[in-house]
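Residue numbers (my numbering): 47 to 574. Backbone N, C-alpha and C define an ideal beta-carbon position, used for all residues, glycine too.
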Amino acid sequence: MIIMYKHYTLCLLSIFLFISLSYCKRLQNVLVLIGDDAGFESPVYNNNICKTPNLMKLAERSVIFKQAYTSVSSCSPSRSAILSGLPQHQNGMYGLHHKVHHFNSFDKVKSLPLLLQKAGIRTGIIGKKHVGPEYVYPFDFSQTEENHSILQIGRNITYMKNYLHQFLNSNDTRPFFMYIGFHDPHRCGATHPEYGSFCEKFGNGEPGMGSIVDWQPVHYKPDDVIVPYFVQDTPMARADIAAQYTTISRLDQGIGLMIKELELAGVLDDTLIIYSSDNGIPFPNGRTNLFDAGMAEPMLISSPYNTHRWAQQSNAMVSLVDIVPTVLEWFGLHYPDYKLNKQLVKLTGKSLLPILSEEPVSGWDHVYASHDLHEVTMYYPMRVLRNRQYKLIHNLNYKMPFPIDQDFYLSPTFQDILTRTRHKENLNWTKSLKTYYYRPQWELYDIVNDSQELKNLAYNKQYLDVIKSLRIELNQWQNVTADPWICAPTGVLEASGTYKTHPSCLPLDNGMDEEDDELVNRYTVHIN
């Protein structure tokens with residue numbers, strides 16, 4: 047009997063070991079696909095005009111997130127948050143990385159590619175990187191705008207496919223993390239106007255436009271497009287959206303090519319695939335704004351291990367800062383303990399892997415966002431808390447007009463708004479140029495009853511308790527994430543010298559706190 051018992055125990059151990067090894071083998075690789083200013087222009091999200099068959103195919107093998115949000119509505123800051131798991135004000139990437147803007151993350155940030163490298167995971171990036179410094183965001187295999195034309199490495203999907211093929215067909219058998227940053231459907235009217243406002247002509251085979259072998263352009267009539275509620279419904283805006291749709295077709299076909307490469311390399315069934323975008327679409331209220339039009343993102347996550355959840359929707363409120371803990375858990379890794387600027391770093395995001403197994407019945411009911419700059423001249427810091435019922439926006443630089451970036455300024459849509467405003471013509475828009483520029487310090491919206499965020503309730507006394515509660519929650523998040531702007535605009539943060547052990551917000555007496563008298567009088571600052 048003893049011999050039989052030992053034999054039975056050995057069998058159980060063997061079965062357990064086999065299951066464990068099989069599970070580890072399946073949780074092998076990660077592919078992250080990031081669109082550039084991409085939105086919900088897809089049948090996946092109920093836009094049946096803009097055809098995206100490859101996204102549809104991916105959705106069929108994914109959990110479709112209906113309430114995913116960026117933590118910042120700007121390119122480099124968002125990508126830094128995706129790759130570090132830290133909001134932009136915590137990781138230091140306050141604005142754009144390239145050219146005169148020159149923003150970088152703090153030297154001691156422990157980014158996802160850095161952590162994966164140290165754990166023996168092979169890392170690669172193809173396409174738009176747009177973050178730095180290099181030693182904070184290192185990749186073993188790197189084909190980006192730093193060593194290629196951004197048009198080629200970000201929009202030429204054949205060019206990008208060939209590099210992925212090279213990466214996947216090397217002799218390196220380690221598990222991999224591949225990050226692909228498409229440059230579509232970003233505007234290009236400010237840099238390459240010869241290719242159209244969205245580079246929709248680039249590579250289309252027409253004279254002087256070049257040819258992208260794997261792209262079959264899809265064209266749309268302006269009368270057929272769906273105009274989002276936050277964009278004016280005019281012929282100019284419709285034509286702009288039609289161009290955007292064509293560029294989205296290139297993004298969609300590029301996604302199909304990349305997933306096909308996984309299949310050809312025999313790793314599709316061993317790879318977690320995450321698709322999303324960095325920020326809102328480049329239209330009014332979108333990119334650089336923290337209205338839902340600027341914050342809400344598409345997100346599809348395909349796990350080969352959770353096929354029972356494929357094609358199902360999730361209403362969990364998730365953030366792009368959740369990507370880092372998700373990938374770390376997939377590889378069985380832990381986030382390290384360390385400090386930035388003498389303060390303990392704590393991830394505020396959570397792994398999304400449990401949601402890929404089953405829909406949560408509680409929690410996942412709020413997200414945060416922060417924004418400081420886009421271009422270096424565009425200083426307009428904002429802090430946001432959004433839950434299922436309300437959104438609270440704090441505009442710190444509200445005395446100044448909301449800034450407009452170079453790409454958007456030259457766009458047909460914004461030029462149309464300018465022209466109509468100057469000629470006192472009907473805008474066919476939910477706002478005026480003046481109300482778009484000039485915003486109050488606080489905005490509170492009842493999202494359930496005002497999904498377009500048109501009725502500001504922040505100064506309605508009936509919502510005094512709501513705004514007090516939300517402001518306390520927002521302040522707590524700012525403490526946890528070491529927000530340097532935590533005292534703005536009414537005070538100065540003192541956290542050294544006399545105040546080293548008890549950081550404090552000291553009043554400026556600048557008059558900006560007068561409207562706060564009936565809200566929350568003072569912030570609290572805690573040391574980590």
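For residue i, name the three-state secondary structure that DSSP assigns.
i, result
"residue 121", "helix"
"residue 68", "Bear in mind that the predicted position of residue 68 carries a pLDDT of just 42, short of 50, making it unreliable; the figure below should be weighed with that in mind. Helix."
"residue 558", "coil"
"residue 259", "coil"
"residue 436", "strand"
"residue 206", "helix"
"residue 227", "strand"
"residue 90", "helix"
"residue 333", "coil"
"residue 73", "With a pLDDT of 47 at residue 73, under the threshold of 50, the modelled position of this residue cannot be trusted; read the value that follows with caution. Correct three-state label for residue 73: coil."
"residue 355", "helix"
"residue 346", "strand"
"residue 318", "strand"
"residue 365", "strand"
"residue 214", "helix"
"residue 126", "helix"
"residue 507", "helix"
"residue 545", "helix"
"residue 268", "helix"
"residue 239", "helix"
Spatial neighbours of residue i within its chain, please: CB distance less than 7 Å, with the 5 preceding and 5 following residues excluded, ordered by chain position.
i, result
"residue 72", "In this predicted model, residue 72 has a pLDDT of only 44, less than 50, meaning its place in the structure is not dependable; the value taken from the coordinates is given anyway. 316, 350 and 351."
"residue 268", "281, 284, 285 and 288"
"residue 297", "81, 84, 228, 230 and 231"
"residue 260", "203, 204, 207, 299 and 303"
"residue 567", "Residue placement at residue 567 cannot be trusted, given a pLDDT of 47 that sits under 50; what the coordinates show is reported in the next sentence. Within the same chain, residue 567 has no close Cβ partners at all."
Can you list, in chain order, the residues of its chain whose CB lies under 6 Å from that of residue i, leaving out five sequence neighbours each side?
i, result
"residue 250", "263"
"residue 224", "77 and 170"
"residue 58", "Below a pLDDT of 50, predicted positions are generally treated as unreliable, and residue 58, at 44, falls in that range; no measurement from the model is reported."
"residue 162", "169 and 223"
"residue 47", "A caution first: residue 47 carries a pLDDT of 38, below 50, which makes its placement in the model unreliable, though a value can still be read off. Excluding residues within five positions, none has a Cβ falling inside 6 Å."
"residue 179", "150"
"residue 135", "416 and 529"
"residue 74", "221 and 316"
"residue 430", "336, 415 and 439"
"residue 116", "124, 325, 341, 343 and 366"
"residue 473", "278 and 466"
"residue 559", "536"
"residue 103", "none"
Between which two residues does the alpha helix (DSSP H) holding residue i run?
i, result
"residue 302", "281 to 310"
"residue 116", "Note, residue 116: premise wrong, no alpha helix (DSSP H); not H, not E."
"residue 492", "First-last for residue 492: 488 to 492, but that is the beta strand (DSSP E), not the alpha helix (DSSP H)."
"residue 375", "369 to 376"
"residue 168", "Per DSSP, residue 168 belongs to no alpha helix (DSSP H); it is in the beta strand (DSSP E), 168 to 173."
"residue 458", "458 to 468"
"residue 99", "99 to 105"
"residue 339", "338 to 341"
"residue 402", "399 to 403"
"residue 244", "Taken as a continuous stretch (DSSP letters only), residue 244 belongs to no alpha helix (DSSP H), as it is neither H nor E."
"residue 453", "452 to 455"
"residue 24", "Here the chain comprises residues numbered 47 to 574, so residue 24 is not present and cannot be evaluated."
What span of residues does the beta strand (DSSP E) with residue i cover, start to end?
i, result
"residue 412", "412 to 417"
"residue 512", "Note, residue 512: premise wrong, no beta strand (DSSP E); alpha helix (DSSP H) at 510 to 526."
In the DSSP output, what is residue i paired with across the bridge?
i, result
"residue 232", "Its beta-bridge partners do not exist; DSSP assigns none."
"residue 323", "81"
"residue 550", "540"
"residue 497", "Looking at the DSSP assignment, residue 497 forms no beta bridge with any residue, so it has no partner."
"residue 385", "390"
"residue 431", "414 and 438"
"residue 408", "DSSP output for residue 408 lists no bridge partner at all."
"residue 360", "111"
"residue 222", "168"
"residue 250", "257"
Quick one: what's got a C-beta closer than 8 Å to residue i's C-beta in the same chain, skipping five residues either side?
i, result
"residue 291", "87, 95, 96, 264, 266 and 271"
"residue 69", "Its pLDDT being 43, under 50, residue 69 is placed unreliably in this model, and the value from its coordinates should be taken loosely. Closer than 8 Å at the Cβ level, and outside the excluded window around residue 69, lie 351."
"residue 379", "161, 162 and 165"
"residue 159", "129, 169, 171, 183, 184, 185, 223 and 225"
"residue 465", "471"
Subject >> Segments of 3+ residues assigned as beta strand (DSSP E) that fall wholly inside the stretch 128 to 204 >> reply: The stretch 128 to 204 contains these whole beta strand (DSSP E) runs: 168 to 173 and 187 to 190.
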